[in-house]
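From first to last, the protein sequence lines stand for chains D and E. First residue of the first sequence? That's 1206 in this note's numbering, and the numbers climb one at a time after it. First residue of the second sequence? That's 3 in this note's numbering, and the numbers climb one at a time after it. Using N, Cα and C, we set each Cβ at its ideal position, and we do this for glycine too. Keep in mind that this is a model prediction, so the values were computed, not measured. To start, the structure itself, in structure tokens.
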Amino acid sequence: MSDDRTFVIIGASQAGGWVAQTLRNEGFEGKVILIGEEPYLPYERPPLSKAALLGEVTVDSTYFWQADALKEADIEVRLNTRVTAIDRDAKEIETDGGERITYDKLAITTGARVRKLPIEGADLPGVFYLRTMEDTLAIREAVKDGTTAMIVGGGWIGLECAATLTKLGCKSIVVEAADRLCGRAVTPEISDWMLNFHTGHDVDVRLSTGIEKFEGDGKLERAVLPGGDSIDCSIAVVGIGVIPNVELAQDAGLDIDNGIVVDERACTSDPVIVAAGDVTNHPNDLLGRRIRLESYENAQNQGITAGKAMLGTAEPYSEIPWFWSDQFDANLQMIGLPQDWDETATRGDVAANEFVTFYLKDGVIDGAISVNNPRDLRVGKRLMQGKKPVSAAELEDPETKMQALLKR
Amino acid sequence: MTDANIEFHAVATTAEVTEDEPKAVSIGRMDIGIYKLDGEFYAIDDICTHAYACMTDGYIDDGQIECPLHGACFDIKTGKALTAPATIDLRPYEIKVEGDQIMVGVPKAED
């Protein structure tokens, strides 16, 4: 029973890796070609701003599969290879090396790239971004004890980076254009908690400000703030968001709208092409709207769905969005993407950095964020999924057993 | 029949472990989670095989424990990895109850 089909995956990261793994897990016996422009086997990105930046883990340990496992699964991996075009009529892709590869089914998992800081001096050596293993290794190489690190952007990447660089002995300064931290993701109360938490760990946080320009003689030496003040620094890390890599799909004529438009089974507007991960704009039934997610869980689970879709066995993918972040000794987790809510309920002890805040709408949980309390958050996710009626008072009551709320 | 290379350690009392609240214990350098399921006790490694997280901080549902960090699910009775991102099983340990003491069997430390 041989299968002479070829399935090609463009993008060898979290989503692409899961597409490939799923094809084999589901028994696909044809050819699987996984193409990535980075020099590394598919790896997990969460450690890049944490354990990998600290130097606690090796590059190899972030791989999904070690090379021998990939070989055993008979996945053909092409690294350092960029796909330059998709010819949908001929069902071929073209690589930067001029090679043309014919596909029967195609998966696009091209992810996202960092948004560049459009200021003078942003191209100086010493100014970094953090998205890839190369970025992490380069920052690590540049960090020396006592270095002042200028972090541009007080979002997840910026705050994780500030925490890690502080642990490495740097003086971390975070500048954020908005008047609070992580403003697009959390409530003002949580932003306040973050500010106190980071300030308490010797991070210098400056809100409502940016960098006018970077200066230095052949390398970064100082950041100039609006108004003319300057701060000496030898490294800067910019974390001001990412842009989905849609160009390849766009040039091939696929539907694009803040990402590659896919359905609930990760299928694009071409029946033989699927897409998954940060690059997709997909429907979410539980939220009742289309979303594009930059998250670990989405890259994994939508990748699994996309792999199954290539085999015609996918179930609709719709999950409550879930994110996490580790900063100093705090594990933060979030569920949902709450946009407006009637009330909030905080359970636990905010001052002790161990709590969860639930957002309630129409008597059910619409989202939550936890600090060092993943278990209550997980129960909250189940309550949210089941649209179980709960009151703010009972969620806040320490006598309430969260699991009991699920069972009634 | 008991393996001569297995040594049992008293780690908790039966009252300390409920169906909803497992207990994390340490024997030497081993971190082990003790669970109660359908009236029986089970012991499996407490550190997730995918990344560093204590499984006993996770969520129990339908005989499975879900990792608090990345959501991988394992079978409480066998330690088997059931969902992504975990692919490696948690190691199960022998368990016996004497009176109200829960005893976990681990390989004897090499001298």
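Looking only at DSSP bridge pairs, what is residue i linked to?
{"i": "D/Lys1236", "result": "D/Thr1211"}
{"i": "D/Gln1532", "result": "D/Ala1535"}
{"i": "D/Tyr1245", "result": "DSSP lists no partner for D/Tyr1245."}
{"i": "D/Ile1378", "result": "D/Met1355, D/Asp1409"}
{"i": "E/Ser28", "result": "E/Asp33"}
{"i": "D/Phe1563", "result": "D/Ala1550, D/Ala1573"}
{"i": "D/Asp1292", "result": "D/Glu1297"}
{"i": "D/Leu1373", "result": "None, per the DSSP bridge assignment."}
{"i": "D/Trp1527", "result": "D/Ile1540"}
{"i": "D/Lys1255", "result": "Looking at the DSSP assignment, D/Lys1255 forms no beta bridge with any residue, so it has no partner."}
{"i": "D/Arg1283", "result": "D/Ile1240"}
{"i": "D/Thr1307", "result": "D/Glu1297"}
{"i": "E/Thr15", "result": "E/Gln103"}
{"i": "D/Phe1269", "result": "DSSP lists no partner for D/Phe1269."}
{"i": "D/Lys1592", "result": "Beta-bridge pairing links D/Lys1592 to no other residue."}
{"i": "D/Val1319", "result": "D/Val1447"}
{"i": "E/Leu39", "result": "E/Glu42"}
{"i": "D/Ile1313", "result": "D/Ile1215, D/Ala1480"}
What does a CB cutoff of less than 8 Å around residue i pick up in its chain, not counting 5 residues either side in sequence?
{"i": "D/Asp1456", "result": "Ala1290, Ile1291"}
{"i": "D/Ser1254", "result": "Leu1335, Thr1341, Ile1362, Glu1365, Cys1366, Thr1369"}
{"i": "D/Gly1597", "result": "As written in the sequence, residue 1597 of chain D is Ala, which differs from the Gly given in the question. Excluding positions up to five away in sequence, the list reads Glu1548, Thr1549, Ala1550, Phe1563, Leu1565."}
{"i": "D/Glu1629", "result": "What is shown of chain D runs 1206 to 1613, which leaves residue 1629 of chain D out entirely."}
{"i": "E/Asp91", "result": "Thr51, Phe76, Thr80, Gly81, Lys82, Ala83"}
{"i": "D/Ser1396", "result": "Arg1385, Leu1386, Cys1387, Gly1388"}
{"i": "E/Asp113", "result": "Confidence in E/Asp113 is poor, its pLDDT being 46 and thus under 50, which makes the residue's placement unreliable; the coordinate value appears in the next sentence. Excluding residues within five positions, none has a Cβ falling inside 8 Å."}
{"i": "E/Asp2", "result": "Lying before the first or after the last residue shown, residue 2 of chain E is absent from chain E, which here runs from 3 to 113."}
With residue i and residue j assumed to form a contact (beta carbons below 8 Å), what rounded beta-carbon distance in angstroms separates them?
{"i": "E/Tyr95", "j": "E/Ile46", "result": "7 Å"}
{"i": "D/Glu1242", "j": "D/Arg1287", "result": "4 Å"}
{"i": "D/Ser1435", "j": "D/Asp1409", "result": "So it is not a contact: roughly 15 Å between Cβ atoms."}
{"i": "D/Lys1614", "j": "D/Gly1326", "result": "Lying outside 1206 to 1613, the shown extent of chain D, residue 1614 of chain D is not represented and no answer is given."}
{"i": "D/Ser1575", "j": "D/Gln1538", "result": "5 Å"}
{"i": "D/Leu1516", "j": "D/Glu1231", "result": "6 Å"}
{"i": "E/Ala26", "j": "E/Cys56", "result": "6 Å"}
Near residue i, which residues of its chain fall below 7 Å by C-beta distance, leaving aside the five closest residues on each side in sequence?
{"i": "E/Ala59", "result": "The question names Ala, yet the displayed sequence has Asp at residue 59 of chain E. These residues qualify, in order along the chain: Pro70."}
{"i": "D/Arg1613", "result": "none"}
{"i": "E/Ala86", "result": "Ala74"}
{"i": "D/Ser1523", "result": "Glu1469, Asn1489, Asp1490, Leu1491"}
{"i": "D/Pro1251", "result": "Tyr1501"}
{"i": "D/Asp1350", "result": "Gly1374"}
Spatial neighbours of residue i within its chain, please: CB distance less than 6 Å, with the 5 preceding and 5 following residues excluded, ordered by chain position.
{"i": "E/Asn7", "result": "Pro109, Lys110"}
{"i": "D/Thr1549", "result": "Thr1562, Tyr1564"}
{"i": "E/Glu9", "result": "Lys110"}
{"i": "D/Ile1496", "result": "Asn1489"}
{"i": "D/Ala1471", "result": "Val1479, Ala1481, Gln1507, Thr1510, Ala1511, Ala1514"}
{"i": "D/Thr1485", "result": "Gly1464, Ile1465, Val1467"}
{"i": "D/Met1355", "result": "Ile1378, Ala1428, Cys1438, Ala1441"}
{"i": "D/Arg1411", "result": "Val1380"}
{"i": "D/Ala1390", "result": "none"}
{"i": "E/Ala88", "result": "Thr51, His52, Ala74"}
{"i": "D/Val1237", "result": "Phe1212, Ala1225, Leu1228, Ile1280"}
{"i": "D/Ile1570", "result": "Phe1563, Gly1585, Leu1588, Met1589"}
{"i": "D/Asn1536", "result": "Asn1577"}
{"i": "D/Asp1208", "result": "Glu1234, Gly1235"}
{"i": "D/Pro1526", "result": "Leu1498, Leu1542"}
{"i": "D/Lys1310", "result": "Phe1212, Val1477, Met1515"}
{"i": "D/Ala1504", "result": "Gln1219, Ala1220, Gly1482"}
{"i": "D/Leu1284", "result": "Gly1241, Pro1244"}
{"i": "D/Ala1256", "result": "Val1262"}
{"i": "D/Gly1421", "result": "Leu1329"}
{"i": "D/Arg1305", "result": "Glu1297, Glu1299"}
{"i": "D/Thr1392", "result": "none"}
Inspect the CB distances between the stretch 1252 to 1272 of chain D and the stretch 1298 to 1317 of chain D and report whether three or more fall short of 8 Å.
-> At 8 Å Cβ cutoff, the stretches do not touch.
Are there three or more Cβ pairs, one per stretch, closer than 8 Å when the stretch 1446 to 1460 of chain D is compared with the stretch 1274 to 1284 of chain D?
-> Because the criterion of three Cβ pairs below 8 Å is not met, the stretch 1446 to 1460 of chain D and the stretch 1274 to 1284 of chain D do not touch.
Please determine if the stretch 1604 to 1611 of chain D and the stretch 76 to 85 of chain E are in contact, where contact requires at least 3 C-beta pairs separated by less than 8 Å.
-> Contact fails: fewer than three Cβ-Cβ distances are below 8 Å.
Is the stretch 1386 to 1406 of chain D touching the stretch 1360 to 1375 of chain D, taking contact as three or more C-beta pairs under 8 Å?
-> Cβ pair count under 8 Å is three or more, so yes.
Taking contact to mean at least 3 C-beta pairs separated by less than 8 Å, is the stretch 1421 to 1428 of chain D in contact with the stretch 1313 to 1320 of chain D?
-> Result no; under three Cβ-Cβ pairs closer than 8 Å.
May I ask you to verify whether the stretch 1576 to 1590 of chain D touches the stretch 63 to 70 of chain E, counting CB pairs closer than 8 Å and requiring at least 3?
-> Contact between the stretch 1576 to 1590 of chain D and the stretch 63 to 70 of chain E is present, because at least three Cβ pairs lie under 8 Å.
Three or more C-beta pairs below 8 Å linking the stretch 1213 to 1227 of chain D and the stretch 1502 to 1512 of chain D | Yes, the stretch 1213 to 1227 of chain D is in contact with the stretch 1502 to 1512 of chain D.
Ordered list of beta strand (DSSP E) runs contained in the stretch 1434 to 1513 of chain D, each at least 3 residues = Restricted to the stretch 1434 to 1513 of chain D, the beta strand (DSSP E) segments that are unbroken, complete and at least 3 residues in length are 1435 to 1437, 1440 to 1443, 1447 to 1449, 1478 to 1480, 1485 to 1489, 1494 to 1496, listed in chain order.
Which full runs of the beta strand (DSSP E) of 3+ residues lie inside the stretch 42 to 113 of chain E, going along the chain?
-> For the beta strand (DSSP E) assignment, the uninterrupted runs of no fewer than 3 residues enclosed by the stretch 42 to 113 of chain E are, from N- to C-terminal side, 42 to 47, 61 to 63, 66 to 68, 75 to 77, 94 to 100, 103 to 109.
Report yes or no: do the stretch 1457 to 1476 of chain D and the stretch 32 to 44 of chain E share at least 3 C-beta pairs separated by less than 8 Å?
-> In this structure the stretch 1457 to 1476 of chain D does not touch the stretch 32 to 44 of chain E; the number of beta carbon pairs closer than 8 Å is below three.
Every unbroken beta strand (DSSP E) inside the stretch 1399 to 1428 of chain D [3 residues or more] | Entirely contained in the stretch 1399 to 1428 of chain D, the beta strand (DSSP E) runs reaching 3 residues are, in chain order, 1409 to 1411, 1418 to 1420.
What are the complete alpha helix (DSSP H) segments, minimum 4 residues, inside the stretch 1335 to 1360 of chain D?
-> The qualifying runs are 1338 to 1347.
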